Every structure is written in structure tokens, then in C-alpha cells.
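Colleague: Pasting a structure below so you can have a look.
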Amino acid sequence: MTCERYRTLLDGLDNGEMPLEMIVHARSCPSCAREEAALRAAVALYRLPDLSRSADLVPRVSALLPFMTAPRRTVSMRDWLVSGFVILASIVLVPLLGEFRDLKAAYGSGFTFPLSLALGTFVTLYAGAFVMSHLDDFSRRLKRYEAASRHRRVA
């Protein structure tokens, strides 16, 4: 049996029962054996019950949620602070650059106000994103600080 004939017969199988000739070929040909295994896996996946219509899916998933780990932040606070420091340092150091002085000489000081507004808006947006992405961490730190200050007042 050739691989081409095997694949043709494999596509035509309805009940999954293979003739002896195909079984012998699959044992001797690794590529046809892989193809048969892939087809069997695809059919097995197709025959799985539809879980999206299952009535007990939501309660089962809800019961598992307390045991799942909380998602972790992808950017650490240290990285946020380093980025913020780089932004602030660049804002402070830009007026010291020769190119800035060239722009000021070419356009006068009229461009510095819009530039300051744009940079201020950028820093404000950055700070807002930083605070919002670390709100849980800030609230934990605030609770620890309040507990420590209450403990100091009592002692």
C-alpha cells in the first residue's frame, strides 16, 4: 500500500475501524502513523461534549476561583519608579541641551509654554497610570502604616 492510497482510505473511514492492510502500513510508515494519530485526536476532540451549553459550567468554574492564584503585575514598582525618574530627569535636562537653545533662538521663548504643557500632561498621565496600576499595593502599605502608627500611639 502506498502512502497516498493510505491517506485516501483514511479520509473515507467512518467508524474508525481500519482494515488490516492499513494497520500494517501504519506500523511500517511513521508519517502515516502520525497522520492517523492526528486524525484520531481531532475526532476525539470533536466528539467531546459541548461545555459551553452545560448548565453546571458556571457553578463549577466559580467554585474553583478561590483556589486560583491572583494574577501578577507584569511591571514591577521598581521599573515604574526608574521609568518615572528617567522621564523627570529628561524634562530637567532638556533645557540644558544645545538643541534646546537652538530652538529657543530660532522660535523665541513662545514654544516653551506649549512644550511645558505637553510635558506636564505626559507626567500627569504617567503618574495616574502608575497609581492606578499599583492601587492594591498602595492600599496594603497604607493599612500597614496605619496599624503601625496606632500601635505606636498605644505603646
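This note's numbering numbers the first residue of the sequence shown as 7 and each following residue consecutively. In this text, a Cβ means the ideal position worked out from N, Cα and C, and glycines have one as well. All values derive from a computational prediction rather than experimental measurement.
Leaving out five residues on either side along the sequence, give the residues of the same chain with a beta carbon under 8 Å from the beta carbon of residue 27.
Modeller: What you label residue 27 is simply residue 21 of the sequence shown in a count that begins at 1. Excluding residues within five positions, the ones whose Cβ falls inside 8 Å are 7.
Colleague: How would you write the range of the alpha helix (DSSP H) that residue 105 sits in, first residue to last?
Modeller: Counting from one through the sequence shown, the residue named residue 105 turns up at place 99. Counting along the chain, the alpha helix (DSSP H) containing residue 105 begins and ends at 104-113.
Colleague: Using 8 Å as the threshold, is the stretch 98-106 in touch with the stretch 141-154, meaning 3 or more CB pairs across them?
Modeller: No, the stretch 98-106 is not in contact with the stretch 141-154.
Colleague: Residue 92 by DSSP, collapsed to three states: which one?
Modeller: In the sequence shown, counting from the first residue as 1, residue 92 sits at position 86. In the structure shown, residue 92 sits in a helix (DSSP, three-state: H, G or I).
Colleague: What did DSSP end up calling residue 155 once you bin it into helix, strand or coil?
Modeller: The residue you call residue 155 lines up with position 149 of the sequence shown. Correct three-state label for residue 155: helix.
Colleague: Take the Cβ of residue 12 as the centre, count every other Cβ of all protein chains shown within 10 Å, and call the residue buried at 16 or more, exposed below.
Modeller: For the purposes of this step, residue 12 is taken as residue 6 along the sequence shown, with counting starting at 1. Buried is the call here.
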